[in-house]
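Report on the following structure.
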Amino acid sequence: MAATRLITMHVNKGKTVARCLKDRTDYAKNGEKTENGEYISAYACDAETVDEEFMLTKQKYAQTVGRDSSRNVIAYQLRQSFKPGEVSPAEANVIGHELAMRFTKGRHAFIVATHTDKAHIHNHIIFNSTATDGQHK
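For the sequence shown, the working numbering assigns the number 320 to the initial residue and increments by one for each residue that follows.
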C-alpha cells in the first residue's frame, strides 16, 4: 500500500506564479528521475506545456470571476510512495493517474510523474488549483 501526502503549493517570495509552476513541474518531469519522460502521464493538459496551460486556466479564472488567484494556493501535489519492489514504474503511474482522477473528479488538469531514481518508486502528482472550466478554485 502506498503512502500518500497532500502538499499545497504557494508562490515563493520574489517569484511569479508562472515561474513557481514551471520550477515545480520541471522538477517532477526531470528526465533523470522519470527515465527520460517514459513515466509521465497527464490529464486535460499536455505534459510538455503543463505550466503554461495551468496559467491559461488561471487567467481565464481571473477574467471570469474577477479575482486574482496568485496569493492563494496555485497548485496541489500528491506525493505517493511505494515500498521497494511493490510495483513497477508503469503500474505506479497508472495507480497515480487513477488516484488523481478520483481526487479531482476530472475537474482539474494534472500530471503524474513517476520517479525511479530512489530505492522506492514514487509519484509526483501535480494538479491545478483552478478547475479546467476556469470557473472555480
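Heads up, the beta-carbon is just placed ideally off N, CA and C, and yes, glycines get one too.
The beta carbons of F446 and T423 sit closer together than 8 Å. In the three-state reduction of the DSSP assignment, Y395 falls in the strand class. In this structure, Q399 sits away from T344, with a CB-CB distance that is not shorter than 8 Å. Bounds of the beta strand (DSSP E) holding F446 are 441-447. In terms of Cβ geometry, K348 and A366 form a close pair [threshold 8 Å]. Across the structure, H329 and S448 are spaced so that their CA atoms are roughly 10 Å apart.
Each of H439, A419, V392, E357 was checked against the Cα of E405, and the nearest Cα belongs to H439.
Between the alpha carbons of T435 and I414 lies a gap of roughly 15 Å. Taking 3 residues as the shortest admissible run, the region 334-372 contains the following complete beta strand (DSSP E) segments, listed from N- to C-terminal end: 359-362. When the Cα atoms are used, C364 and F373 turn out to be separated by approximately 8 Å.
The C-alpha of L340 lies about 20 Å from the C-alpha of M420.
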